[in-house]
Amino acid sequence: MTAMDSALRLDNVSRSFGGLQAVDGVTLTVGAGERRALIGPNGAGKTTLFNLISGAMPCSAGRISLFGRDVTGAPAHRRAALGLARTFQITNLFPDLSVLENCLLAVQAHTPVRFAMLRPVSRYGALLDRARAVLAALALESLSDAVVRNLSHGEQRQLEIALALAGGPRVLLLDEPTAGLSPAESRLMAELLRRLDPAITVLMIEHDMDIALELSEMVTVLHYGRVIADGPREQVKADPQVKEIYLGA
Amino acid sequence: MGRRALLAAAALAVLALVGPVLPAYPLTLLTQALIVGILAMSLDLLLGYSGMPSLGHAAYFGVGAYAVAIMTTERQVGLIGCLVVGILLATLTAAVFGLLAIRAAGTYFLMITLALGMVVWGLAFRWVSLTKGDNGISGVPRPTLLGLELITAVPFFYFCLVSAAVAWVLMGLLVVSPFGLGLRGIRGSESRMQALGYNVWLHKYVAFVLSGAFAGFAGTLWAYYNGFVSPNDVQLVTSVETLLMVALGGPGTLIGSMLGAGLIVFLKNFVSVYTKRWLLILGGVYIGVILFAPTGIVGALRGRRR
Amino acid sequence: MRTEFWIAQAFNGISYGALLFLLASGLSLIFGVMRIVNLAHGSYFMLGGYVGLSVALYTKSYTLALLAGAVAIGLVGIGMERLFLRRLRGEVLGQVLMTIGFALIFQDLALLIWGGDPYTVPIPKMLSGTVRFGGAAFPIYRIFIVAVAFVVGLALWLALDRTRAGAMIRAAVDDAEMAGGVGINVPRVSLAVFALGAALAALGGVIGGGFLGVYPGADFEVLPYAFVVVIVGGLGSLPGAVAGSLLVGLLDNFGKALFPELSYFTLFAPMAIILAIRPTGLFGRV
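Chains as they are written, first to last, in this note's numbering: chain C, 2 to 250; chain E, 3 to 308; chain X, 1400 to 1685.
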């Protein structure tokens, strides 16, 4: 796979906090359209890695490329403009706005409309339609006018995904989409994720091993900030080092 | 939205009718409330909608006021010229100050805006050759608009009423526009906005500059209203009182700030007739608002949770 | 003639900086531990001066005035934190409004109790007068201020660096949640730091009262200076408070002497430059 084929490429990416090496020399390549799971014990550096990829945090070392373009120094919003979207492990929505308004923010983010100042949002029919369509795809349309603060945890997690999808991303980083969900809700979430557009490249952190392996064909295992296994699902599942780490999990 | 517009139109009509029949003193207070209300609304743009607590808003108010004062007393510039230059200078000040302040968040932002506000105060106080320092600039005449003299209380009141209405409409459009939604998003979660692709710094900066422009507008009106501009108009207490007006009325409601301004102006003037302990009472009001009405009056009326 | 001017101005700047250090070090630590914005900090300075004034006039003892000011305002600080500010952790707007409310109340109370005239805190004979050195005259009182600030700074540094209490404070500044997690009683540490900050500001007020005087409006006049010091020096940092105070004291003095019309501006320009390079201040860690 050449650099141009890859959706996301990390070269020796590291991040340290004082004396603590949270991410240590991570190199990996995610191909376009691939479904990859990022697994590892707690504290392995998975969310930190996501923060580095999305630009929420700068790298201490290494390079990150998005569709062949070096984004190592680019701020988060530039990377989003290039087609990167993410969800957050701890739900990160706009609590005092309605579900529809949350989605509208996601939809207008990449359009010049976001700087429009003289007409009410309600006049932008195309935006509203798109926002409603995204909500409908996630079965959230009935909650359009509900204030996010009042939603259940499961509904909020769904909205998290909606916000990430609303911008039409090419690369999607999912940080523990089933965090805090009941088994039934997790099942529903898994269904939802299975139906994602196959053109989107998905990198997913997930603690629920069954779901992680079910939805991904490739797996990367992180331990103490380092990649200790990386490859097709069955290969990684059979890896003795991986088995050892998960004996207690 | 329709209901609010109706209420606003009704309020406007009431004020317009009441104007000519009010005795002189309440009328001037009402005029003052309208002007200061514009300032308070401009702060609400930052505080209530974007989540940026500024303690230096008197700076842009002051720049506008001094601009008018200097231009009318030294060069006899007409109304339009004064408004344009005053607002432009205030906007420019906000543009420069914004570059420094926006990189900071929360407490740092607060302190930097406070310090910047003091810079303008310091200039007003010390740059005596320009601002006449502590003595202030007096003799600012009431303006004439297209041949219409706005000198006496009632015509000038109408002028301010229209100005306040225009400012309210413009700011109202801003907050319900996509840009305004973006500001409310920033207030909700900056990290989420970044992740969605917004250049948060830029949005905050634009909001800051626009807010400064409206504050400057209020300042220009103030110079005409008061006839006299001094460093007292730019002092910390002014910025602080503006903050209270927003908090009292309800941050993030816009009209609440206008209401808060009215309340504070009337309270200040009536209370000081009966007691000298005006500051004590104002302080008590501050503490009371935080303890008992954190979303302000309009916020409470709209049943908002914090 | 010129050299004398520069030396005199530099000395004045340093002594003013010393006063600012007393004011700002407390503010910086308070913010470091509690992330609280206290707009009544200038009021502590002013009230300390007034209390010190009364005690000095009544007991004729300068030392007692210093102690009384510090203790009285320390208690006020404890009261404010414990009864009011504690409920507003993390709510910036709430803290701003509440502390402003107190500042206004304090200002009016001071007006009520002491009236509107400016006063000067009487200083002991031993500290008045000047000392001649190298052809220039240095007021002994200003040397005293620098000495006090130096001693206080040293004491703070030693306490923070060498004592258990100091370690707890540093831990709380670094990461309050973590500190609580390892068993440090963060609310008590916070209260102690708040009281200390208030007392230091009050001490500054009494001392400042000896040469700047105590007068209504001193609170809001000194507050922006304190803020500029902590902005420039960096919140939560003691070396930052030292650096910031010196810088601000010198800039303010030279600014007033050389460009009287633009004096606040000379303060602002360096602040702007520093912020442009390091948004969290010279030694900021927060």
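The beta-carbon is built from N, C-alpha and C at its ideal position, and this holds for glycine as well.
{"query": "Along the beta strand (DSSP E) that carries Thr30(C), what are the first and last residues, could you check?", "result": "Leu21 to Gly32"}
{"query": "Report yes or no: do the segment 92-101 of chain E and the segment 1637-1645 of chain X share at least 3 C-beta pairs separated by less than 8 Å?", "result": "no"}
{"query": "Return helix, strand or coil for Ala225(E), following the three-state DSSP convention.", "result": "helix"}
{"query": "Is Val1627(X) close to chain E, meaning its C-beta is less than 7 Å from at least one C-beta of that chain?", "result": "yes"}
{"query": "Identify the continuous alpha helix (DSSP H) that holds Pro1586(X) and give its terminal residues.", "result": "Val1585 to Gly1608"}
{"query": "Between which residues of its own chain and Tyr288(E) is the CB-CB distance below 7 Å, once the five residues before and five after are set aside?", "result": "Leu246"}
{"query": "Is Ser241(E) closer than 7 Å to Gly251(E) when the C-beta atoms are compared?", "result": "no"}
{"query": "What is the residue span of the beta strand (DSSP E) that Pro121(C) lies within?", "result": "It is not in any beta strand (DSSP E) - Pro121(C) carries neither H nor E in the DSSP assignment."}
{"query": "When burial is assigned at 16 or more other CB atoms within 10 Å of the CB, is Phe1410(X) buried or exposed?", "result": "buried"}
{"query": "DSSP state of Asn1411(X), grouped into three classes?", "result": "helix"}
{"query": "Any beta carbon of chain E sitting closer than 7 Å to that of Pro241(C)?", "result": "no"}
{"query": "With DSSP as the reference, identify every bridge partner of Ala1385(X), one or two as the case may be.", "result": "Here chain X covers residues 1400 to 1685 and nothing more, so residue 1385(X) does not appear."}
{"query": "To which residues of the same chain is Gly63(C) closer than 6 Å at the C-beta, ignoring the five residues directly before and after it?", "result": "Asp12, Asn13, Val14 and Ser15"}
{"query": "Mind checking who His1440(X) pairs with in its DSSP beta bridge?", "result": "Looking at the DSSP assignment, His1440(X) forms no beta bridge with any residue, so it has no partner."}
{"query": "In chain C, what lies closer than 7 Å to Val156(E) by C-beta?", "result": "The premise fails here: Val156(E) is roughly 32 Å from chain C at the closest Cβ pair, so nothing lies under 7 Å."}
{"query": "What three-state label does DSSP hand Val239(E) in the structure shown?", "result": "helix"}
{"query": "Tell me whether the segment 146-156 of chain E and the segment 89-103 of chain C touch, counting them as touching only if at least three CB pairs, one residue from each stretch, are closer than 8 Å.", "result": "no"}
{"query": "According to DSSP, is His224(C) part of a helix, a strand, or is it coil?", "result": "strand"}
{"query": "Between which two residues does the alpha helix (DSSP H) containing Met43(E) stretch?", "result": "Ala26 to Asp46"}
{"query": "Which first and last residues belong to the beta strand (DSSP E) in which Val203(C) is found?", "result": "Thr202 to Ile206"}
{"query": "With respect to the beta strand (DSSP E) encompassing Val172(C), which residues constitute its N-terminal and C-terminal limits?", "result": "Val172 to Asp176"}
{"query": "Less than 7 Å separating the beta-carbons of Thr251(C) and Ala23(C)?", "result": "Nothing in the structure corresponds to residue 251(C), since chain C is present only between 2 and 250."}
{"query": "Looking at the structure shown, is Ile188(E) part of a helix, part of a strand, or coil, going by DSSP?", "result": "helix"}
{"query": "Does the segment 1622-1638 of chain X come into contact with the segment 1489-1499 of chain X, if we say contact requires no fewer than three beta-carbon pairs (one atom in each stretch) closer than 8 Å?", "result": "no"}
{"query": "Residues of chain X with CB closer than 7 Å to the CB of Val20(E), please, in chain order.", "result": "What Val20(E) touches in chain X: nothing, since even the nearest Cβ is about 32 Å away."}
{"query": "What residues in its chain sit with their C-beta under 7 Å from that of Arg1569(X), if we drop five residues either side in the sequence?", "result": "Leu1559"}
{"query": "Which chain E residues are close to Leu173(C), counting only those with a beta carbon under 7 Å from its beta carbon?", "result": "Correct list: empty, because the minimum Cβ distance to chain E is about 12 Å."}
{"query": "Give the residues from the segment 1633-1664 of chain X that approach chain E closer than 8 Å (Cβ to any Cβ), ordered along the chain.", "result": "Leu1634, Pro1659, Glu1660, Leu1661, Ser1662, Tyr1663 and Phe1664"}
{"query": "Taking only beta-carbon atoms, is Pro121(C) less than 7 Å away from chain E?", "result": "yes"}
{"query": "Would DSSP call Tyr1518(X) helix, strand or coil?", "result": "strand"}
{"query": "Gln242(C) to Asp209(C), Cα distance in whole Å?", "result": "19 Å"}
{"query": "Using only CA atoms, which one of Thr1562(X), Glu1403(X) and Gly1451(X) lies nearest to Gly1533(X)?", "result": "Glu1403(X)"}
{"query": "Taking C-alpha atoms, which residue in Glu151(E), Ile266(E) and Ser131(E) lies nearest to Phe1658(X)?", "result": "Ser131(E)"}
{"query": "Establish whether the CB of Gln109(C) and some CB of chain E are separated by less than 7 Å.", "result": "yes"}
{"query": "Please state whether DSSP places Ala1564(X) in a helix, a strand or coil.", "result": "helix"}
{"query": "Can you pull the chain E residues whose beta carbon is under 8 Å from the beta carbon of Leu182(C), in chain order?", "result": "Neighbours of Leu182(C) on chain E: none; closest Cβ ~20 Å, over 8 Å."}
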